[in-house]
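Notes to accompany the following structure.
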Amino acid sequence: MTLSTALPLPAADLLATVLRVRPADDATARRTGAVALAAALAANATAWADLVEYRPAGRWTHRLEPAAAAAVLDPSLHADLDAAEVWLLSWLPGQGTPLHDHGGSAGAFAVVQGALTELTVTAPRSGGVRDATALFSAGRVRPFGPHHVHRVTNDGARPAVSVHVYTPRLREMTTYRLAGQGLVRTGTERAGTDW
Ligand SMILES: [Fe+2]
Numbered sequence: 000m001t002l003s004t005a006l007p008l009p010a011a012d013l014l015a016t017v018l019r020v021r022p023a024d025d026a027t028a029r030r031t032g033a034v035a036l037a038a039a040l041a042a043n044a045t046a047w048a049d050l051v052e053y054r055p056a057g058r059w060t061h062r063l064e065p066a067a068a069a070a071v072l073d074p075s076l077h078a079d080l081d082a083a084e085v086w087l088l089s090w091l092p093g094q095g096t097p098l099h100d101h102g103g104s105a106g107a108f109a110v111v112q113g114a115l116t117e118l119t120v121t122a123p124r125s126g127g128v129r130d131a132t133a134l135f136s137a138g139r140v141r142p143f144g145p146h147h148v149h150r151v152t153n154d155g156a157r158p159a160v161s162v163h164v165y166t167p168r169l170r171e172m173t174t175y176r177l178a179g180q181g182l183v184r185t186g187t188e189r190a191g192t193d194w
């Protein structure tokens with residue numbers, strides 16, 4: 000007797016549904032874990048705020064070592080942390096990224112200070128591109144999936160600080176530019192080579 004036939008019909012239907020959606024849920028689960036990590040790290044920003052620097056020549060980025068992140072986080076989040084990578088970023092007014100993806104990693108970023116503007120670009124199968132802009136102020140957490148393409152900038156008047164979580168760990172990032180009705184790749188940076 001299989002498990003599903005031993006269950007009352009509604010429960011069997013539920014089980015079948017859960018099993019059917021499990022593969023698609025993987026990215027969602029990773030994204031949810033990233034949100035929890037980013038929110039917890041932002042809520043405990045006083046533990047790492049002394050690390051933050053501001054650099055007029057370019058955005059400051061700092062990979063937070065796993066042990067340092069674990070020391071800040073509740074043990075219930077350590078399993079999520081094992082599969083993730085944490086970066087701290089500062090953004091002076093006017094600083095920002097090019098359009099980029101995250102090499103298949105899902106993730107989330109939390110704004111700790113100031114505000115960040117995100118331009119998100121999607122390329123529907125029907126052709127062309129769609130873009131949307133959103134403002135994330137301190138306290139907001141922005142989750143994203145493994146195919147997310149965005150550009151993040153500090154369009155405000157004061158420095159911003161954010162914490163970014165990627166899961167699995169960031170292996171590469173491809174940059175893009177908008178050209179007509181499409182995205183054109185402009186480069187790829189890889190872990191171990193470019194950072
Ligand atoms: Fe990004």
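At position 182 of the sequence shown the residue is numbered 181 (numbering that gives the first Met the number 0), and the sequence of numbers has no breaks.
Note that CB positions come from ideal geometry on N, CA and C, so glycine has one too.
Computed from a prediction, not measured in an experiment: that's the story for all the values here.
Simplified DSSP assignment, three categories, for residue i
i: Arg129; result: strand
i: Gly32; result: helix
i: Thr96; result: coil
i: Ala83; result: coil
i: Ala23; result: Low confidence applies here, because Ala23 scores a pLDDT of 47, under 50, leaving its location unreliable and the question unanswered by this model.
i: His149; result: strand
i: Asp73; result: coil
i: Ala107; result: strand
i: Pro167; result: coil
i: Ala68; result: helix
i: Thr192; result: coil
i: Leu182; result: strand
i: Ala114; result: strand
i: Leu266; result: The shown model of the chain, from 0 to 194, leaves out residue 266, and the question about it has no answer.
i: Ala156; result: coil
i: Leu50; result: helix
i: Leu91; result: coil
Cβ separation of residue i and residue j, assumed to be a contact under 8 Å, to the nearest whole Å
i: Trp86; j: Leu63; result: 7 Å
i: Ala105; j: Pro65; result: Incorrect: roughly 18 Å between the Cβ atoms, too far for contact.
i: Ala37; j: Val162; result: 6 Å
i: Ala33; j: Val164; result: 4 Å
i: Ala156; j: Pro92; result: 6 Å
Test item: CB-CB of residue i and residue j under 7 Å
i: Leu76; j: Ala35; result: yes
i: Glu195; j: Leu169; result: No statement about residue 195 is possible, as the shown extent of the chain runs from 0 to 194 and does not include it.
i: Ala68; j: Thr166; result: no
i: Thr96; j: Val160; result: no
i: Val71; j: Ala46; result: yes
i: Thr192; j: Arg184; result: no
Residue i versus the options, residue with shortest Cα-Cα distance
i: Arg189; options: Arg30, Glu171 and Ala68; result: Glu171
i: Gly181; options: Pro158, Arg124 and Thr116; result: Arg124
i: Asp100; options: Gly113, Leu115 and Thr119; result: Thr119
i: Gly126; options: Gly179, Pro158 and Leu98; result: Gly179
i: Pro74; options: Thr96, Leu50 and Leu40; result: Leu40
i: Thr116; options: Gly102, Ala26, Pro158 and Gly191; result: Pro158
i: Gly153; options: Gly113, Val162 and Arg184; result: Correcting the residue type first, residue 153 is Asn in the shown sequence and not Gly. Nearest option by C-alpha distance: Gly113.
i: Ala122; options: His147, Gly155 and Gly102; result: His147
i: Ala137; options: Thr31, Ala42 and Asp25; result: Ala42
i: Pro55; options: Thr132, Asp25, Gln94 and His149; result: Gln94
i: Gly186; options: Leu98, Thr60 and Arg58; result: Leu98
i: Ala78; options: Thr31, Tyr175 and Ala131; result: Thr31
Is there contact here, the region 93 to 108 with the region 129 to 142, by at least three beta-carbon pairs under 8 Å?
-> yes
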